[in-house]
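Undergrad: So the sequence lines, in the order shown, correspond to chains A and B.
Sequence positions in the first sequence follow the working numbering and run 7 to 392.
Sequence positions in the second sequence follow the working numbering and run 10 to 607.
Starting off with a structure, shown below.
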Amino acid sequence: MIDRKFVVFGAAFVLRLLLICLFPSLPDLLTGRVEVSTPVNSFKRHAKSSPLPIAVFYFLVDLLNAYALLKISESGQSIKSRLHTAVRQHVRWDGVSVAAWFLFNPFTIATCLARSTSVFTTSGILFAVSNAVGGNSINAMLALGFASYLSLYPALLFIPLVLLCYDRRAQEPNAPKVALYVVQHAGLLFASIAGLLGLSCLITGNFWEFMSATYGFHLLVPDLTPNVGLWWYFFIEMFDSFREFFLGVFWLHLASYVGGLTARFHRQPLFVITSLLGVFAIFKPYPSISDASLFFAVLPLYRHLFPLMRYTFFAVSAILYSSLLGPAFYHLWIYAGSGNANFFYAITLVWSLGISILLADTVFAALRDEWEQQNPDQKGAEVRQV
Amino acid sequence: MTVLSLLSLPLVALLLSFCSSTVVASSDYHENLLLHPLPQSALLASFNFRSNTSQESFDQQHFRYLPRALGQILQHAQTKELHLRFTTGRWDAESWGPRPWNGSKEGGTGVELWAWIDAPNDDEAFAKWITLTQSLSGLFCASLNFVDSTRTTRPVVSFEPFGDHSEVDQLHLLHGTLPGEVVCTENLTPFLKLLPCKGKAGISSLLDGHKLFDAAWQSMSVDIQPVCSPEGDCVVQIEQTVDMVLDIDRSKRSRSNPIPRPVPNDELVCDTSKPYHSGDTCYPLGKTNDKAWSLGQVFGRNLDGICPLADTEGSHEESVCLQVPHERGVYISQGAQEIKKDDGFTRCFKLAPSTPFDLSIPQQTVNVEVPLDEPVLHAERTIVGNGQERGGMRIIFSNPSNASAVDFIYFETLPWFLRPYIHTLRATITGRDGVSRELPASKIVKETYYRPAIDRERGTQLELSLSVPAASTVTLTYDFEKAILRYTEYPPDANRGFNVAPAVIRIVDNVHHAPIYIRSTSLLLQLPVPDFSMPYNVIILTSTVIALAFGTIFNILIRRVVSLDQASALGATTLKGRIVSKVVAIQDRFRGKATKVE
């Protein structure tokens, strides 16, 4: 077992090293791709490069992320939580397979080679979850605070994450009340974010300027550089008088999933986090393929739901179709001049549609799994939703 | 009433003429025209109009030569020194040599304005600057009102006041450019109206919009600054210049028949030394300087005497000067006097009052050429790279001197949607041997002043203090990214691209002390463009995708999962189920009746 782990991690490292040694221009090429680099995570916007040590640093962060994923998988929380036990427990991948799926995912490799700063947000989220399933709720909140400080939107994961922590805590004696537990942890999260913000303000000097340049950038979406998401073209074409209104609508829409999913899946908080990561990959303001790669990384934790999914072929085809045609259409628009912006826009629509079908299918499969758990005699029967 | 006013008219005229005659004695208005034939059969015409008004009469709003409209704007906007430029075309330094006035009277392509404004702080200075640009916009019929915060910069080392300012003024330098402004006759008319003779007499009567804006390069300037004598007497000086480079052949085309026609065979000047030269093959020789021309032909107008308001006493009597070798014959109108200068190339003409003046030069082969200085520095700026996503800026400086290095300040303002990566700034140096070496930028750039852009608020301001060694060429490059804008932020001709203001180079010349200015050409920046016909479609399509995702997920979330049997059982209890069962029951009853009847 130990050997397999080393083989997978070592091979992932060597593969990345080989890629940058054989194709030295690859990192810069990927850094320039709009699918990988968005205005908020672009490496070129941040720093001067000193190639190899920085690249190796990013590889190590990737391996750490994979390790956190391995821990989450080994905890078995996705199969058997406090209030829910999956029906098809035997259909699962072990931790190393889940980590390998993450490490050898081309989207992950591209993100890592492009030195995108989303890697750190990914780390924050994965470590928050791995600490939560490991019972270390304080570290989980600190990690989530770090991720939220970097990218703002992970703060939406707070409720499912604190429920996940509580599930673990409730199995031990003297469990506190849920409300008190949530308030305590919310305080902790705020403290960690405030601490990091305070530190940044000490460095930059001007608090409001710093806030508007960082979180204002996330909230108000002033930069409309193309990416794989739905916001950029919408707000390019939006009439000026309705811009603020639709910014509000889009953010509310993004936040609305938190309530809906948490209410329905309060017995499986880890599943809420998984599906929210899918929602973020589609609907956050500046999404990139790194967000999709995070969703695809946590999806194999629910390997036991795969047999219950209905539209896998269609979703996978749509995602493959858009990943292959996206770069081609972008080239036609920007470089060849033989296509216009609508070409790339259409592909981003297909991409978003593909992931949302996958997401909806996963949600359906999870509900079906819950139902089968309550009605063991009906396992495998045809179902309907009324 | 009308009779009275008619009667009083001559009196007013008499009073006016009396008034003017008394002041003419102490008049301080000079005008001057310098004609300088350049290589490639070009002709540089430099018009200069200068007048002084004492500071007291300026403060008391007693305007004479200084136009009242302009004076009041300056007082209202607390502007102490003003420089306004309208420029079109490109100065070809390779063939025309150094710029007239050492570049200090020219601007970048389009409109350029900079001013020193007296204000207690930056915000008030900016408010006054906006007042100034709005007023000048009306006065000069130019789009100066579009000089907003994104086009305004505050250069630190690139400009210094020409005038003498008092210590108590808190001066703020503001600088704005409109590289896309098309300078044309509607700007010339108000410009001429500022002159005392308003283009009716004197050298300004030569200025005709058709010829001026048909020139290969032209620059109009207005400079207002306080000038103080060592004794402390201050005057407000207004200086207006028009510099133009005309193509002599092109200007000589008659206005009624301006279509260029091929030169007849027998008038072609061919290079007979070419082996393939024959009756039907010709290698044309370059344009020569021995063409015949006259003022009337080139400018399309005659010079209507001298401006009676101009100071005709003393050394400024010669209002027209011409730079051709003395051996060349020049015919002038009767009544005018020719004065040849000692340098062998300059001759000036003293014009007779109220007599039209013309000057004509016959075709003549000359052996002596008017010497042309080598410019101190050649500079060129281009956008490199392909695609509408990112690009690079390349600036080439070449120092033609074999002896000394040249130190200068490079100043550029970039629009906010061009996002430069200053950390990618690289320098390459090429010697006369043609071998280029990459240098760390710090070897060439001695000082940097960089103010990054803020989206939709201000542009990038970059000032570099550079030094180019003797006999070498330095190439600076940096990368930039192009932003994509909201569709309302694009101009109607979005695919043409956006104008990027010319860079300004200020050479600190230790020999001449007066700075030399060079401006690069303006650039066209291609940005990625969305489909402008699509706003409704995009809103509808994106909303559909969002609605699909939202609808599917929440539809799944809020419904119960049941087996097929349960579903049909449940179906019976719903409203729809009950209606369906009623309908079936009624059908059954009718069927039942039918069978009974049978």
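We put the beta carbon where it would ideally sit given N, CA and C, even for glycine.
1) Could you check whether the Cβ of Glu-447 of chain B sits closer than 9 Å to any Cβ belonging to chain A?
2) Under the three-state reduction of DSSP, which class applies to Gln-81 of chain B: helix, strand or coil?
3) If the cut is a Cβ gap below 7 Å, which residues of chain B does Asn-346 of chain A touch?
4) In whole angstroms, give me the CA-to-CA distance for Asp-127 of chain B and Leu-83 of chain B.
5) Quick one: Cα of Lys-585 of chain B to Cα of Arg-569 of chain B, how far?
6) Could you tell me if Thr-96 of chain B is buried or exposed, where buried requires 16 or more neighbouring beta carbons within 10 angstroms of its beta carbon?
7) Just verifying my parser: in three-state terms, what is the DSSP assignment at Ala-319 of chain B?
8) With a Cβ-Cβ cutoff of 9 Å, do Val-14 of chain A and Ala-120 of chain A count as a contact?
9) Within the chosen definition, does the stretch 206-223 of chain B reach the stretch 296-316 of chain B through at least 3 CB pairs nearer than 8 Å?
10) Given that Lys-554 of chain B touches chain A, what residues does it touch there, using C-beta distances under 7 Å?
11) Does Glu-243 of chain A have its Cβ less than 9 Å from a Cβ in chain B?
12) Measuring only the C-alpha atoms, how far is Thr-62 of chain B from Phe-200 of chain B?
13) So, is His-343 of chain B buried or exposed, given that buried needs 16 or more other C-beta atoms within 10 angstroms?
14) Counting along the chain, where does the beta strand (DSSP E) carrying Ile-438 of chain B start and finish?
15) Measuring alpha carbon to alpha carbon, tell me which residue in A:Asn-71, A:Ile-325, A:Gln-380, A:Ala-176 is nearest Thr-91 of chain A.
16) With a 10 Å radius around its C-beta and 16 neighbouring C-beta atoms as the bar for buried, classify Asn-137 of chain A as buried or exposed.
17) Please work out which residues of its chain come closer than 6 Å, Cβ to Cβ, to Leu-4 of chain B, disregarding the five sequence neighbours upstream and downstream, and give them in chain order.
18) Per DSSP, which one or two residues make a beta bridge with Cys-279 of chain B?
19) Going straight from the alpha carbon of Pro-273 of chain B to that of Gly-338 of chain B, what length do you get?
20) Only counting the same chain, and skipping five residues up and downstream in sequence, which positions put a Cβ closer than 6 Å to that of Leu-13 of chain B?
21) Using a Cβ-Cβ cutoff of 9 Å, what residues of the stretch 153-175 of chain A are near chain B? List them in chain order.
22) Would you verify that the beta carbon of Arg-495 of chain B is, or is not, closer than 9 Å to some beta carbon of chain A?
23) Relative to the C-alpha of Arg-403 of chain B, which residue among B:His-184, B:Leu-434, B:Arg-428 is closest?
24) With DSSP as the reference, label Thr-457 of chain B as helix, strand or coil.
25) Using alpha carbons as the reference points, say which of B:Phe-599, B:Ser-529, B:Leu-566, B:Leu-148 lies closest to Trp-377 of chain A.
26) So Gly-396 of chain B contacts chain A; which residues on that side make the cut at Cβ distance below 8 Å?
27) In terms of alpha-carbon separation, which member of B:Pro-76, B:Arg-99, B:Phe-168, B:Thr-486 lies closest to Ser-113 of chain B?
28) Would you decide whether Ile-361 of chain A is buried or exposed? Buried here means 16 or more other CB atoms lie within 10 Å of its CB.
29) Specify, as a first and last residue, the run of the alpha helix (DSSP H) that Ile-403 of chain B falls within.
30) At 8 Å on the CB atoms, spell out the chain B contacts of Gln-384 of chain A, in chain order.
31) Suppose you measure from the CA of Ala-176 of chain A to the CA of Pro-182 of chain A; what does that come to, to the nearest Å?
32) Do the stretch 405-415 of chain B and the stretch 424-432 of chain B touch if we need at least three Cβ pairs shorter than 8 Å?
33) Once DSSP output is grouped into helix, strand and coil, what is the label at Ser-287 of chain B?
34) Whole angstroms are fine: how far does the CA of Lys-452 of chain B sit from the CA of Leu-473 of chain B?
35) Hey, how far is the Cα of Lys-591 of chain B from the Cα of Val-389 of chain A?
36) Would you please verify whether the beta carbon of Asp-253 of chain A is less than 9 Å from any beta carbon of chain B?
TA: Reading from the atomic positions:
1) Counting from 1 along the second sequence, the entry for residue 447 of chain B is found at position 438. Not closer than 9 Å to any Cβ of chain A, the Cβ of Glu-447 of chain B fails to qualify, so no.
2) Taking the first residue of the second sequence as position 1, residue 81 of chain B is located at position 72. In this structure, Gln-81 of chain B counts as helix in the three-state DSSP scheme.
3) For the purposes of this step, residue 346 of chain A is identified with residue 340 of the first sequence, where counting begins at 1. Neighbours of Asn-346 of chain A in chain B, taken as residues whose beta carbon is under 7 Å from its own, are Asp-540 in chain order.
4) Translated into the one-based positions of the second sequence, residue 127 of chain B becomes position 118. Translated into the one-based positions of the second sequence, residue 83 of chain B becomes position 74. Their Cα atoms are separated by approximately 11 Å.
5) Mapped onto the second sequence, residue 585 of chain B falls at position 576. Mapped onto the second sequence, residue 569 of chain B falls at position 560. Answer to the nearest angstrom: the Cα atoms are 18 Å apart.
6) Taking the second sequence and counting its residues from 1, one reaches residue 96 of chain B at position 87. Looking at its Cβ environment, which holds 16 or more other Cβ atoms inside 10 Å, Thr-96 of chain B is buried.
7) To locate residue 319 of chain B, count along the second sequence from 1; it is residue 310. It is coil, neither helix nor strand.
8) Within the first sequence, residue 14 of chain A is the residue found at index 8, counting from 1. Within the first sequence, residue 120 of chain A is the residue found at index 114, counting from 1. No.
9) With the cut-off at 8 Å, the stretch 206-223 of chain B and the stretch 296-316 of chain B touch.
10) Along the second sequence, one-based indexing puts residue 554 of chain B at 545. The sequence shown places Val at residue 554 of chain B, not Lys. Those are Leu-236, Leu-355, Ser-358, Leu-359, listed as they occur along chain A.
11) To locate residue 243 of chain A, count along the first sequence from 1; it is residue 237. Judged by the 9 Å Cβ criterion, Glu-243 of chain A is in contact with chain B.
12) In the second sequence, counting from the first residue as 1, residue 62 of chain B sits at position 53. In the second sequence, counting from the first residue as 1, residue 200 of chain B sits at position 191. Cα to Cα, Thr-62 of chain B sits roughly 19 Å from Phe-200 of chain B.
13) For this step, residue 343 of chain B is matched to residue 334 along the second sequence. Just to set this straight, residue 343 of chain B is Gln in the shown sequence, not His. Classification for Gln-343 of chain B: exposed.
14) Residue 438 of chain B sits at position 429 when you count from the first residue of the second sequence. Here the beta strand (DSSP E) through Ile-438 of chain B covers 427-439.
15) As a working note, residue 91 of chain A is residue 85 in the first sequence. Restricting attention to A:Asn-71, A:Ile-325, A:Gln-380, A:Ala-176, the CA atom closest to the CA of Thr-91 of chain A is found in A:Gln-380.
16) Translated into the one-based positions of the first sequence, residue 137 of chain A becomes position 131. Counting the other Cβ atoms within 10 Å of the Cβ of Asn-137 of chain A gives 16 or more, which makes it buried.
17) Because chain B is modelled from 10 through 607, residue 4 of chain B falls outside the range shown and cannot be assessed.
18) Here residue 279 of chain B is taken as the residue at index 270 of the second sequence, counted from 1. Its beta-bridge partners are B:Pro-293.
19) Counting from one through the second sequence, the residue named residue 273 of chain B turns up at place 264. Counting from one through the second sequence, the residue named residue 338 of chain B turns up at place 329. C-alpha of Pro-273 of chain B to C-alpha of Gly-338 of chain B: approximately 27 Å in a straight line.
20) As a first step, residue 13 of chain B must be located in the second sequence, where it is residue number 4. Because Leu-13 of chain B sits at a pLDDT of 38, beneath the cut-off of 50, its placement in the model cannot be relied upon, and the following sentence gives the value as read from the coordinates. So no residue of the chain qualifies.
21) Identification of residues in the stretch 153-175 of chain A having a C-beta nearer than 9 Å to some C-beta of chain B yields an empty set.
22) Numbered from its first residue, the second sequence carries residue 495 of chain B at position 486. By this cut-off, Arg-495 of chain B is an interface position.
23) For this step, residue 403 of chain B is matched to residue 394 along the second sequence. Among B:His-184, B:Leu-434, B:Arg-428, the Cα nearest to that of Arg-403 of chain B is on B:Leu-434.
24) Position 448 of the second sequence, counting from 1, holds the residue named residue 457 of chain B. The DSSP-derived three-state label of Thr-457 of chain B is strand.
25) Counting from one through the first sequence, the residue named residue 377 of chain A turns up at place 371. Measuring from the Cα of Trp-377 of chain A, the nearest candidate turns out to be B:Leu-566.
26) Here residue 396 of chain B refers to the residue found at position 387 of the second sequence. Within chain A, the residues placing a beta-carbon under 8 Å from that of Gly-396 of chain B are Ile-340, Tyr-341, ordered along the chain.
27) In the second sequence, residue 113 of chain B corresponds to position 104, counting from 1. In terms of Cα proximity to Ser-113 of chain B, the closest of B:Pro-76, B:Arg-99, B:Phe-168, B:Thr-486 is B:Phe-168.
28) In the first sequence, counting from the first residue as 1, residue 361 of chain A sits at position 355. Classification for Ile-361 of chain A: buried.
29) In the second sequence, counting from the first residue as 1, residue 403 of chain B sits at position 394. Residue 403 of chain B is actually Arg in this sequence, not Ile. Counting along the chain, no alpha helix (DSSP H) covers Arg-403 of chain B; the unbroken beta strand (DSSP E) around it starts and ends at 399-408.
30) Your numbering for residue 384 of chain A matches position 378 in the first sequence. Here the neighbours are Ser-572.
31) Residue 176 of chain A sits at position 170 when you count from the first residue of the first sequence. Residue 182 of chain A sits at position 176 when you count from the first residue of the first sequence. So the two alpha carbons sit approximately 8 Å from each other.
32) Using a C-beta cut-off of 8 Å, the stretch 405-415 of chain B makes no contact with the stretch 424-432 of chain B, since fewer than three inter-stretch Cβ pairs fall below that distance.
33) Sequence index remark: in the second sequence, residue 287 of chain B carries index 278 (1-based). It is a strand residue.
34) Along the second sequence, read from residue 1 onward, the residue named residue 473 of chain B stands at position 464. Along the second sequence, read from residue 1 onward, the residue named residue 452 of chain B stands at position 443. Pairing Leu-473 of chain B with Lys-452 of chain B, the inter-Cα distance amounts to about 12 Å.
35) Walking along the second sequence from the start, residue 591 of chain B turns up at place 582. Walking along the first sequence from the start, residue 389 of chain A turns up at place 383. Distance between the alpha carbons of Lys-591 of chain B and Val-389 of chain A: 26 Å.
36) Walking along the first sequence from the start, residue 253 of chain A turns up at place 247. Checking the sequence shown, residue 253 of chain A turns out to be Leu, not Asp. Look at Leu-253 of chain A: its C-beta is not under 9 Å from any C-beta on chain B.
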